[in-house]
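The listed protein sequences correspond, in order, to chains V and R. Under this note's numbering, the first residue of the first sequence carries the number 27, and numbering increases by one thereafter. Under this note's numbering, the first residue of the second sequence carries the number 27, and numbering increases by one thereafter. For glycine and all other residues, C-beta sits at the position ideal for the given N, C-alpha and C. Nothing here was measured: the structure is a model prediction, and the numbers come from that model. Below is one structure, written out as structure tokens; comments come after it.
Number of protein chains: 2
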Amino acid sequence: MGRWEPDGEGRLRMAAMELFAEVGYEQATVAAIAERAGLTSRTFFRYFTDKREVLFSGSEVLQESMVAALRGAPTDATAMEAMAFALQAPADFFDEDRRDFARVRASVIAATGELHERELIKLSRLSAAMAEALRARGFGEPDASLVAEAGIAVFRVAFAQWVGLAERRTYGDIVGALLVRLKTLAAVH
Amino acid sequence: MGRWEPDGEGRLRMAAMELFAEVGYEQATVAAIAERAGLTSRTFFRYFTDKREVLFSGSEVLQESMVAALRGAPTDATAMEAMAFALQAPADFFDEDRRDFARVRASVIAATGELHERELIKLSRLSAAMAEALRARGFGEPDASLVAEAGIAVFRVAFAQWVGLAERRTYGDIVGALLVRLKTLAAVH
């Protein structure tokens, strides 16, 4: 990336989100995204395969950081404690600067069937990766899969709360509160 | 349905599953499914919109029965108890006669990306329907969404166990065991 293109990726990402919000995901072309960012389509394709990747390129980084946190949890951690480490891993990534981007992203995904499917596949893979990492720590089945799926349940609800318009709490605080809440709710049945 | 076509739907369903297992979902044509069932394509389309629907036509019935069970749970039921009623609702539907069909169905879905996506969408809708029914019972957020998602977590793991090759327990027994296990696992974090 040359000096004449400071943070091209970030500018393209923001331009894409603005355009998706204004004209809809389907109508937004790569050329229009690039133009809004003051760049060329050619430059766009240096950073992203297609416009869908603008929304999902962070997913793999996210999954890797969560798997690493689960692996690095204290040796004596229970399955749910190890999962809690994984869920807290993106707390720095999901900071205030990213919340507005995440809000627009969430509304674009909710409005577009194809993207919603992609998001569900991403979460399904994340769950499988968590279960695998739990088994690698010595937890058997069904515990590994059950904790992984319950963790994804917390992640989904936490993320939905975090991007809520009136929400002020940090992602990390929300995850912490939901893990306590899940314990309480699961206990009374 | 005339007397000369006893249980046409059931025969088509079984023929489709056999063919999917033998030649793969992509290669199986409606004509070949119908022929194997001793029926015509025209008859196939009286029961199903396309071959995908052979695998998913039970989903809506399932969702309706689960929502009805959640609505009909005792007035003083906790959110998780009401969810447990919903999870136990398909216990009669998922009987021994259906287990072999469900096993083949699960392997066909796992092997075909398009079907896997469809399954994820179905589960996402089921979760939304459960959360809605919990809110209708007076539970607020995040409890309704959290219990719905945790319930779907149990459902996914229960179903995966139930179709496991060496599994002998009933679907209902598996769900019961997993709900107890979730309580234990969630408690230690």
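Task: Coil, strand or helix - residue 133/R by DSSP - done: helix
- [ ] Consider the Cβ of residue 81/R: report whether some Cβ of chain V lies at a distance smaller than 9 Å.
- [x] no
TODO: Please say whether residue 211/R and residue 106/V have beta carbons closer to each other than 9 Å?
DONE: yes
Task: Spatial distance of residue 47/R from residue 80/V (CA atoms) - done: 38 Å
Task: 6 Å Cβ shell around residue 165/V - same chain, five flanking residues per side excluded - done: 105
Task: Where residue 54/R falls: helix, strand or coil (DSSP) - done: coil
Open item on the list: Against chain V, with Cβ distances strictly below 9 Å, would residue 66/R count as a contact?
Closed with: no
Open item on the list: With a threshold of 8 Å on Cβ separation, who are the neighbours of residue 178/V within its own chain once the five nearest residues in sequence on each side are excluded?
Closed with: 149, 152, 153, 156
TODO: Go through its chain and collect everything with a Cβ distance to residue 99/R's Cβ below 7 Å, but skip five positions before and after it.
DONE: 107, 108, 111
TODO: For residue 92/V, decide whether its Cβ has a neighbour in chain R, counting only Cβ atoms nearer than 9 Å.
DONE: no
- [ ] Please compile the residues from chain R whose C-beta is within a distance smaller than 8 Å of the C-beta of residue 169/V.
- [x] 207, 211
Task: Residue of 214/R, 168/R, 203/R, 117/R minimising C-alpha distance to residue 186/V - done: 168/R
TODO: Could you check which residue in 174/V, 172/V, 180/V has the C-alpha nearest to that of residue 171/R?
DONE: 180/V
Task: Under 7 Å by beta carbon: chain R residues contacting residue 150/V - done: 146
Task: Interface flag, residue 105/R vs chain V, CB-CB below 9 Å - done: yes
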